[in-house]
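Read left to right, the sequence shown gives residues 95 to 285 (this note's numbering).
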Amino acid sequence: MIELIRADQYTKMLWKNGAGFTLEIARSQGEADFEWRISMADVTTSGPFSLFPNKQRIISVLDGQGMVLHVDDLPAKTLNQGDIFAFHGESQVQSELVDGAIRDLNLIYDPAKFHARFQWLNDAAEQAFISSADLIFIFNQGGETQVNVDDHSVQLAAHETLKIGKNAGVTSISFPKKQLKSCYVIELIQR
């Protein structure tokens, strides 16, 4: 199963702590709670993150000058564009914007039900990989990019997401054109 999710299909919703808005790209079924969710948020002020007990979070800065995260009693972590950072959903997290607003990409998931992989592809080389993940999401941060999934070819515009469900065996994914790409690949593997 391959599904193209356009940017105008994302659902705008209030943050759990009420301090801002997120654009929900995709989530598992169920309104009360979710097993996984991928979203994009515009962060305009420094402040606390929402709590998501029993979940794992992975975050990356898409645009802006970055932010510093203060997570529990750990040393501060500076995130610049493309940096990826994981932390527990129940952690006390305070963000400090470096120089103005940022946009970030988030994966929140239940680690008792899924393993996750979150990576940024940011170069001009042809790339190919195989995956045995149950769900694969490719979020295109850059200009139009061609993605081949098994024997299907899809053009992804900026901020569009490709959702790929596992058919059988492994899924072959390639970025065949030698052009600069900026894509995030998120893989979810059921336990």
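Built from N, CA and C at the ideal position, the CB exists for glycine as well.
Source: prediction; values computed, not measured.
Taking C-alpha atoms, which residue in the options lies nearest to residue i?
i, options, result
"S140", "Q235, K271, E190 and E97", "E190"
"L173", "R197, D167 and Q186", "R197"
"I232", "I224, D217 and E254", "E254"
"P270", "V279, E184, Q221 and G263", "Q221"
"S276", "V264, G263 and N234", "N234"
"S266", "S225, L256 and Q188", "S225"
"I99", "I258, A262, V264 and G263", "I258"
"A170", "E184, Q188, L156 and G183", "Q188"
"Y278", "V162, D167, L163 and L256", "L256"
"F115", "S133, D102, A101 and D167", "S133"
Please report the straight-line C-alpha distance between residue i and residue j, rounded to a whole angstrom.
i, j, result
"E118", "K272", "30 Å"
"A193", "G158", "Note on identity: in this sequence residue 193 is Asp, with Ala being the wrong assignment. The alpha-carbon atoms of D193 and G158 are separated by roughly 8 Å."
"S268", "A252", "18 Å"
"W214", "V241", "15 Å"
"E238", "M95", "22 Å"
"Q186", "P142", "8 Å"
"K149", "Q284", "15 Å"
"I178", "N200", "10 Å"
"A135", "H246", "30 Å"
"E97", "Q249", "12 Å"
"Y104", "S154", "18 Å"
"G160", "Q175", "6 Å"
"D217", "G236", "11 Å"
"L163", "G263", "39 Å"
Skipping 5 residues on each side, what residues in its chain have a beta carbon closer than 6 Å to that of residue i?
i, result
"F181", "R151 and V165"
"R121", "F128 and R131"
"T138", "A195"
"A206", "none"
"K106", "F115 and L117"
DSSP puts residue i in a beta bridge; with which residues?
i, result
"F231", "K257 and I280"
"W214", "Y278"
"G141", "S189"
"D136", "R197"
"D157", "R197"
"N242", "S247 and S268"
Which same chain residues, not among the five before or five after residue i, have their C-beta less than 7 Å away from its C-beta?
i, result
"L282", "W130, Y203, F208, A210, A227, D228 and L229"
Once you ignore the five residues that flank residue i on each side, which residues in its own chain have a CB closer than 8 Å to its CB?
i, result
"K110", "S144, L145 and F146"
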